[in-house]
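Colleague: Got a structure for you, questions after.
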Amino acid sequence: MRPHVDQRQAQVLALVRARGSVRVADLARELGISPVTLRRDIEAMAARGEIQRMHGVISRVEAGAAPAAGRAGRGEAGSSAAAGHGASAGGGEGLVIGMVVPTTEYYYADVVRGARAAVEARGARLTVGLTRYLPGEDRTQADRLLSTGAHGLLLTPNWEAGSPGPGEGAWTVELPVPTVLVERWAPPGHPAAALDRVASDHAHGAARAVQHLVGLGHRRIALASRTTPTTARLRAGYEAAVAALGLEPAPPWPPAGPGPLSDADAFSRTLEYLCEAVSAGGVTAALIHSDTDAIMLIPRLQARGVRVPEDLAVITYDDEVAGMADVPLSAVAPAKREVGARAAHLLLDRLSGEGPEEGPRQHLELLPRLTIRP
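So in this note's numbering, the last spot in the sequence shown is 391, and the numbers never skip.
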């Protein structure tokens, strides 16, 4: 071990013994070193039983307490296996990446697959926490992954509009490890806007669908989407394309009324809107989010006298199952697997020193692809 590393760790140990406990983020600022460097010191010290580590806080070892290695056999946080991760950080070897996502099904299945492939290719390990969109669960899962030894986090918070509301999400910048937002955005001025992030450019995807439909001769095009974290970006791209191309606006959606809608009510509202938009509003094409909604809507539209594609041309958004419809549907496909992989590489580069650990943060947006099916 180099002398300056010995001196730095001795300083950390002296401060922890004097204060009892200290937050890792605060200690890094006080010592004027990067959180990654400090974290590696902490892991080495925890492995030797000199300090205790939990939830972004380190504390002194009380007299008579068992060392970290002794607790490992009982499955407690700070085991020798977890503490040893990061001892060889070159290229990501030994690092543990925590990933918090709403689900590993449907859209996020490919995001997780992309992240896992990238992490394992670099010799690191991916652990996943699921939130099921439950309020506050994203922070709970992030803390859990940190307590079990995660060196960095890929984070998809439960932000209903895809970006945090007022007073929401500031905790993400207080995490003691490098963090990359995945398929989430924070507006300028919000603390989380300073985090690295990798996301699909859903606005571009929606605009690309509108451009294609205009090329087929349609001049009044509707957007049909339930309220999801993707909806705001889809609508922004759709409205921008309608304005830029000089299209006739589609009829506005009727007021939703007080309170959240059930899935059944939201589906019925979409069906009624599209039927009315075609029969009375002059709409001849629609971008429908998502594939599953489109596949369920089409037979119901036809039962109401709206022929697809004769009366209403349809492009879906997500392209998870659009090709499996009775008549395969053209669809916009976000680059889900690539989003996960790019986010993982960005995080690993910061952790391993191959990228600009303290350099400018990056906001990467990947363009979705439009697949035309006959």
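Ideal placement from N, C-alpha and C gives every residue a C-beta, glycine not left out.
Keep in mind the model is a prediction, meaning the values are calculated, not measured.
Hey, Asp58 and Val39 are a contact pair by Cβ (cut 8 Å); roughly how many whole angstroms apart?
Modeller: Incorrect: roughly 13 Å between the Cβ atoms, too far for contact.
Colleague: Check each candidate in Ile238, Ala361 and Ala342 and name the one with the smallest Cα separation from Lys353.
Modeller: It is Ala361.
Colleague: One question on the structure: do Arg390 and Leu346 come within less than 9 Å of each other, judged by their Cβ atoms?
Modeller: Result yes, Cβ atoms of Arg390 and Leu346 sit closer than 9 Å.
Colleague: If we count Cβ pairs, one from each stretch, closer than 8 Å, do we get three or more for the region 118-129 versus the region 177-197?
Modeller: Not touching, per the Cβ criterion.
Colleague: Is DSSP giving Ala94 helix, strand or coil here?
Modeller: Residue confidence is low: Ala94 scores 33 on pLDDT, short of 50, so the model does not pin down where it sits. No coordinate-derived value is stated.
Colleague: Give the single residue among Asp155, Tyr150, Leu112 and Gly153 whose Cα lies nearest to the Cα of Ala138.
Modeller: With distances taken between Cα atoms, Ala138 lies closest to Leu112.
Colleague: In this structure, does DSSP put Thr54 in helix, strand or coil?
Modeller: In the structure shown, Thr54 sits in a helix (DSSP, three-state: H, G or I).
Colleague: Give the straight-line distance between the Cα atoms of Pro316 and Val145, rounded to the nearest whole angstrom.
Modeller: Straight-line Cα distance between these residues: approximately 38 Å.
Colleague: Under DSSP, the alpha helix (DSSP H) around Val190 begins and ends at which residues?
Modeller: It is not in any alpha helix (DSSP H) - Val190 carries neither H nor E in the DSSP assignment.
Colleague: Measure from the alpha carbon of Leu291 to the alpha carbon of each residue in Leu147, Leu278, Pro277 and Pro271, then state which is nearest.
Modeller: When each option's Cα is compared against that of Leu291, the closest is Pro271.
Colleague: Counting only runs of 3+ residues fully inside the region 301-363, write out the beta strand (DSSP E) ranges in chain order.
Modeller: Correct list: 302-306, 330-334 and 347-350.
Colleague: When you compare the region 295-310 with the region 226-245, are there three or more beta-carbon pairs, one atom per stretch, that lie closer than 8 Å?
Modeller: Yes, the region 295-310 is in contact with the region 226-245.
Colleague: What's the call for Ala258, buried or exposed, on a 16-neighbour Cβ count within 10 Å?
Modeller: Buried, by the Cβ-count rule.
Colleague: Note the first and the last residue of the continuous beta strand (DSSP E) segment covering Leu147.
Modeller: Per DSSP, Leu147 belongs to the beta strand (DSSP E) from Arg142 to Leu147.
Colleague: Do Ile305 and Val331 count as a contact pair if the criterion is CB distance below 9 Å?
Modeller: Yes.
Colleague: Confirm, please, whether the CB-CB distance from Ala223 to Leu251 is below 9 Å.
Modeller: Taking 9 Å as the Cβ cut-off, Leu251 and Ala223 qualify as a contacting pair.
Colleague: Report buried or exposed for Tyr150, applying the criterion of at least 16 other Cβ atoms within 10 angstroms of its Cβ.
Modeller: Label assigned to Tyr150: exposed.
Colleague: Tell me which residue opens and which closes the beta strand (DSSP E) that Asp213 is part of.
Modeller: From DSSP, the beta strand (DSSP E) with Asp213 extends over Asp213 to Ser217.
Colleague: Who are the near neighbours of Ala283 in its chain, counting only those whose CB is closer than 7 Å to its CB and skipping five residues on each side?
Modeller: For Ala283, where only same-chain residues beyond five positions count, the Cβ hits under 7 Å are Arg243.
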